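Chains as they are written, first to last, in the working numbering: chain A, 1 to 202; chain B, 1001 to 1202.
The beta carbon of each residue, even a glycine, is placed where N, CA and C say it ideally should be.
The model shown is predicted, which means the values in this text are computed figures rather than measured ones.
Each remark here refers to the structure printed beneath this line.
2 protein chains.
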Amino acid sequence: MKHQIVLASASPRRKELLEQIGLSFTVQAADGEEKCEARLPQKQVEELSLHKAAEVAGKAENNAVVIGADTLVFFRGKPLGKPRNEQEAALMLKALQGQTHQVYTGVTLIWRQGGSMRQMSFHERTDVTVWPMTEEEIEEYVRSGEPMDKAGAYGIQGLFARFIRRIEGDYNNVVGLPVGRLYQEMKQEGLLDGADAVRAGL
Amino acid sequence: MKHQIVLASASPRRKELLEQIGLSFTVQAADGEEKCEARLPQKQVEELSLHKAAEVAGKAENNAVVIGADTLVFFRGKPLGKPRNEQEAALMLKALQGQTHQVYTGVTLIWRQGGSMRQMSFHERTDVTVWPMTEEEIEEYVRSGEPMDKAGAYGIQGLFARFIRRIEGDYNNVVGLPVGRLYQEMKQEGLLDGADAVRAGL
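Quick look at the structure:
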């Protein structure tokens, strides 16, 4: 059966990444449950991604494979969400500058096979090292507006590239969706078909 | 003295990266000398970047700071350039799949200070690990046309993201310009000024 891919996320960055690897899909944003019981970073992001995927899978077509994803930034084991204001953004950046932190994205796939629902979750971890930043650089960056809708108060794919020293792991995982691993898992589960093959001239 | 930044490269990817970090600059493409004497990867890319920067610096304005860059892919110590045809692209991808290889970008800055010319070169190395690829995936990817103008026959920022397992180092270095390190070196040398500061709303 041909699967229709549904991305359960309103994030324009996740949409761009799925487009980049040449998949056809539709978007059905999930509100997501912000709370979760898990303690370990990898369990937290997997659980949050499951909430999002399940929410959309409940109302999806029979032939759908739903992708949910959640990204969190961890510094010394503590999660950094999206900053609520400029002061909070500046505080997060003061913590991250000159240090290495962890970015986790959890991904859950839900689809029907035969008569039953199937589900699988995985996560990717990327270590990100940030150059030292002056107070002035932090203030300027906060004023740019880029930090405000992003976990950890920075966008690796934006202006903040000037402050990224190195990473270990998957870059796209930091942007919000580990498309390499996602593609491999979907291939493994037989969820890709000819229509998802490389499009000439893309 | 305010410096006018000149990028000595016709690569649209390098142009995008410099724009991404919010710098104002002009482009003056260098032909570049393809041959170099150096043996070590880091010396090769630095030497090639120097050729490009010097070519443009010779005809540049007095207040210019010229940026030259060269990117090479190395597999088991041997450089992989741009494939000359589809067969060569497929051979390169067959070598790289399932393995880890090295990407080096060398960067040279040339500018005037007082009456004299100043120059500095550096390089960044990134290790890239590629997922195993089937023959069919390699053929499809070659047919997409993406490999043909790229060292190592792949574009990490394109469709090939589905085959990237992980990296160690700077991602933008693989795209073609290590803008994090470049920004830090320019700051160190006093080559950035207020006009290069973060632009609000970028």
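Cβ-Cβ distances below 8 Å link A:G77 to P41 in the same chain, with the five nearest sequence neighbours on each side left out; the list follows chain order. For B:S1116, no alpha helix (DSSP H) segment is defined; the enclosing uninterrupted segment is the beta strand (DSSP E) at 1116 to 1130. The stretch 134 to 150 of chain A and the stretch 78 to 88 of chain A touch, with three or more beta-carbon pairs separated by less than 8 Å.
Here B:R1112 carries a strand assignment [DSSP, helix/strand/coil].
Under the Cβ criterion of 7 Å, B:E1168 is counted among the residues facing chain A. Straight across, the Cα-Cα distance linking A:G98 with A:M133 is about 7 Å. In the displayed model, B:I1067 falls within a strand according to three-state DSSP. Around the CB of B:Q1020, 16 or more other CB atoms lie within 10 Å, so the residue is classed as buried.
Residues of the same chain with a CB within less than 6 Å of the CB of B:S1011, apart from the 5 flanking positions on each side, are G1176 in chain order. Excluding sequence positions up to five before and after A:V66, its CB lies within less than 6 Å of the CB of V6, A8, A53, V56, A57, A60, I110, all in the same chain and listed in chain order. Between the beta-carbon of B:E1168 and that of B:D1127 there is about 4 Å, and that keeps the pair under the 8 Å contact cut. Rounded to whole angstroms, the Cβ separation of A:D170 and A:R181 is 7 Å, and the two are in contact under 8 Å.
Only residues of its own chain outside the window of five on either side were considered, and among them M1133, I1138, Y1141, V1142, P1147, A1153, Y1154 have a CB closer than 8 Å to the CB of B:L1093, listed in chain order.
For A:G158, the secondary structure class from DSSP, reduced to helix, strand or coil, is coil.
Linking B:H1051 to B:G1068 through their CA atoms gives a straight-line distance of about 8 Å. At a cut-off of 7 Å between C-beta atoms, A:A153 does not count as an interface residue with respect to chain B. Among the bridge pairs identified by DSSP, B:F1075 is matched with B:K1078. In the DSSP assignment, B:L1007 falls outside any alpha helix (DSSP H) and within the unbroken beta strand (DSSP E) covering 1004 to 1007.
Interface residue (Cβ-Cβ distance to chain A less than 7 Å): B:W1131 is classified as such. Exposure of B:R1118 is indicated by the presence of fewer than 16 other C-beta atoms within 10 angstroms of its C-beta. Interface annotation, B:R1014: not in contact with chain A, CB-CB separation never under 7 Å.
Taken in chain order, the whole beta strand (DSSP E) runs of length 3 or more contained in the stretch 1004 to 1058 of chain B are 1004 to 1007, 1025 to 1027. Going by DSSP, B:R1165 is part of the beta strand (DSSP E) stretching over 1164 to 1169. Interface with chain B (7 Å Cβ-Cβ cutoff): A:Q20 is included. The Cβ-Cβ distance between A:S24 and A:T108 does not fall below 7 Å. In the DSSP assignment, no residue is bridged to B:V1179. Counting the other CB atoms within 10 Å of its CB gives A:K150 a total of 16 or more, which places it among the buried residues. In chain order, L1017, P1178, V1179, G1180 place their CB closer than 8 Å to the CB of B:N1172, counting only its own chain and leaving out the 5 sequence neighbours on each side. When B:A1029, B:K1035, B:I1156, B:E1046 are compared, the shortest CA-CA separation from B:E1124 is found for B:E1046.
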